[in-house]
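Residue numbers (the working numbering): 151 to 614.
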């Protein structure tokens, strides 16, 4: 039988939860040449990728495999984090069934377990943080998403910052000896995950804030290792559902998926070929809606508590007629895809230009993500990783955030950059020793068209 790895976070009666149930297995080398790298006060600034999110949630058994904690374990230094007891922050995705593959949202919620730590955390990553937040946010009510037009306070700022200051102020208070900075992903990703409906950060604001961040960090004299903005469109969140719909449309006598657009004319058609080749993207949030295509229904709107939009007639086949089109917020059309790519290129140019000014190295995540998306995938320690949903083993159930082993690969990229910057010889982590992947015999049944069943609203807040 074919054997493959499936990375998941789950506590269901069907599968045993093993994400992070074990500790590291001999990840620390006996003797390390640190060069000029000093991990005495190692600080990481960022968003959910730094915080260690998996499957839409922050929970301790996954947080122990945040890339910063993996690095800290590898070099033998302390690393404090704002941890949550399992099942973590509300809404963790878990596996409910393998045949057909179905997810559900864990209704439980964990609690912070390290609020009384007597100093700022080494891990200053905060889920859903934007670049504005690093220098300005002090609480849930002052973060970027709490401001108009979003008006959504983020309580994780209160958990991580604890009223002590901003991310930057807490970083500087530690007098860091080595810093990682990976921020700005959400400033463009939120636009994409919401089908172009969330306004991206302006280039002028991005440059202004990034300049302030690097200026502040330069006062420490510590090496700063910067992460660029990866191509989020290569993740399973964007590449799983569309091809499945494309396969379905090939069997129907229709021109394609009829969907709403942000600009004129308001309605467009995605051919089966466009969906199969990722020329038009349907988000993972649209997986349940995909199952309604062709039905004379308004179930998508009623299930999500959304009023039927003006001009939509649910008596017509959903997603196949202009009278009842597929919702705009679940689709990235060619114009929006081009807009995202231009934004990412521009922001990465800002990052690389400013990093050069301050003489800081930048990790180019395209090297990793392009390999993951290639036909051969990325082979690390004998295991193949790819952007394929579930079977690819790099991305967790939300299709955006890495698995524990995925974070191990990220940690190694930071270690490589530290080695080069500091003339060190820190050994890379053997990613295969990190738990968090289940081995099954056979195949997971994704259904006839390869579209997983995900609850409505389960991915509404997925961000980097």
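All residues carry an ideal CB built from backbone N, CA and C; glycine is no exception.
Note that the structure is predicted; figures quoted are calculated from it, not measured.
Hey, would you say residue 430 sits closer than 9 Å to residue 500, going by beta carbons? Numbered from its first residue, the chain shown carries residue 430 at position 280. Numbered from its first residue, the chain shown carries residue 500 at position 350. No, the Cβ-Cβ distance between residue 430 and residue 500 is not below 9 Å.
Could you tell me how far apart the beta carbons of residue 522 and residue 535 are, in whole angstroms, since I believe they sit closer than 8 Å? Here residue 522 refers to the residue found at position 372 of the chain shown. Here residue 535 refers to the residue found at position 385 of the chain shown. That pair is a contact at about 6 Å.
Given this structure, state the Cα-to-Cα distance separating residue 591 from residue 514, to the nearest angstrom. Within the chain shown, numbered from 1, the residue matching residue 591 stands at position 441. Within the chain shown, numbered from 1, the residue matching residue 514 stands at position 364. Annotation note: pLDDT 40 at residue 591 (below 50); position unreliable, coordinate value reported separately. When rounded, the distance between both Cα atoms is 36 Å.
Please state the DSSP three-state secondary structure of residue 190. Within the chain shown, the letter at position 40 stands for residue 190. Three-state DSSP puts residue 190 in coil, outside helix and strand.
For residue 228, three-class secondary structure by DSSP: Here residue 228 corresponds to residue number 78 of the chain shown, with the count starting at 1. Assignment of residue 228 by DSSP, reduced to helix, strand and coil, places it in the coil class.
Residue 226 burial status per 10 Å Cβ neighbour count (16 or more: buried): Numbered from 1 along the chain shown, position 76 holds the residue referred to as residue 226. Residue 226 should be labelled exposed.
Across which residues does DSSP place residue 335 in a beta bridge pair? Within the chain shown, the letter at position 185 stands for residue 335. For residue 335, which the question treats as bridged, DSSP gives no partner whatsoever.
Within 9 Å, strictly: CB atoms of residue 232 and residue 273: The count along the chain shown starts at 1 and reaches residue 232 at position 82. The count along the chain shown starts at 1 and reaches residue 273 at position 123. Yes.
Going by C-alpha to C-alpha distance, which of 253, 422, 265 sits closest to residue 399? Start at 1 with the first residue of the chain shown, and residue 399 comes out as number 249. Closest by alpha carbon: 422.
What does the Cβ neighbour count give for residue 171, buried or exposed, with the cut at 16 atoms within 10 Å? Reading the chain shown from its first residue, position 21 is the one you call residue 171. For residue 171, the predicted structure reports a pLDDT of 40, less than 50, and the residue's modelled location is therefore unreliable. The matter cannot be settled from this model.
Should residue 480 be labelled buried (16 or more other beta-carbon atoms within 10 Å of its own) or exposed? In the chain shown, the residue the question calls residue 480 occupies position 330. Buried: at least 16 other Cβ atoms inside 10 Å.
Taking the C-alpha atoms as reference points, what is the distance between residue 321 and residue 433? Here residue 321 corresponds to residue number 171 of the chain shown, with the count starting at 1. Here residue 433 corresponds to residue number 283 of the chain shown, with the count starting at 1. Roughly 35 Å between the two C-alpha positions.
Quick one: measure Cβ to Cβ for residue 328 and residue 192, integer angstroms, because I've assumed they're closer than 8 Å. Position 178 of the chain shown, counted from the first residue, corresponds to residue 328. Position 42 of the chain shown, counted from the first residue, corresponds to residue 192. Beta-carbon to beta-carbon, residue 328 and residue 192 are separated by about 5 Å, close enough to satisfy the 8 Å threshold.
What residues in its chain sit with their C-beta under 6 Å from that of residue 179, if we drop five residues either side in the sequence? On the chain shown, residue 179 is found 29 positions in, with the first residue counted as 1. Unreliable positioning characterises residue 179 in this predicted model, as indicated by a pLDDT of 47, which lies under 50. A coordinate reading is not provided.
Tell me the residue span of the alpha helix (DSSP H) that contains residue 244. For the purposes of this step, residue 244 is taken as the residue at position 94 of the chain shown. That residue, residue 244, is in no alpha helix (DSSP H); its beta strand (DSSP E) goes 243-248.
Buried or exposed (CB count within 10 angstroms, at least 16 for buried), residue 195: Here residue 195 refers to the residue found at position 45 when the chain shown is read from its first residue. The residue in question, residue 195, is buried, as its Cβ has 16 or more Cβ neighbours within 10 Å.
Mind the definition here: the stretch 297-313 touches the stretch 457-467 only if three or more C-beta pairs lie below 8 Å; say whether that holds. no
Report the option in 397, 604, 230 whose CA atom is closest to the CA atom of residue 268. Here residue 268 is taken as the residue at index 118 of the chain shown, counted from 1. With distances taken between Cα atoms, residue 268 lies closest to 230.
Across which residues does DSSP place residue 295 in a beta bridge pair? Against the chain shown, residue 295 aligns to sequence position 145. Under DSSP, residue 295 takes part in no beta bridge, so it has no partner.
Nearest candidate by alpha-carbon position, reference residue 376, set 567, 210, 296, 271: For the purposes of this step, residue 376 is taken as residue 226 along the chain shown, with counting starting at 1. Selected option, being the one with the closest Cα: 567.
Strictly by DSSP, which residues pair up with residue 254? Taking the chain shown and counting its residues from 1, the one referred to as residue 254 is at position 104. Answer is 244, bridged to residue 254.
By DSSP, does residue 462 sit in helix, in strand, or in coil? Walking along the chain shown from the start, residue 462 turns up at place 312. Note: residue 462 maps to coil in three-state DSSP.
Residue 376 lies in the beta strand (DSSP E); which residues open and close that run? Taking the first residue of the chain shown as 1, we reach residue 376 at position 226. Looking at the DSSP string, the run of the beta strand (DSSP E) that includes residue 376 is 374-377.
Would you decide whether residue 596 is buried or exposed? Buried here means 16 or more other CB atoms lie within 10 Å of its CB. Mapped onto the chain shown, residue 596 falls at position 446. Result: buried.
Hey, out of 388, 271, 262, whose CA is closest to residue 325's CA? Along the chain shown, one-based indexing puts residue 325 at 175. Ranking the options by Cα distance to residue 325, first place goes to 271.
Is there contact between the stretch 363-379 and the stretch 411-418, where contact requires at least three CB pairs shorter than 8 Å? Segment contact: the stretch 363-379 against the stretch 411-418, fewer than three CB-CB distances shorter than 8 Å; contact not assigned.
In or out: residue 198 buried (at least 16 other Cβ within 10 Å) or exposed? If you number the chain shown from 1, residue 198 lands on position 48. Buried.
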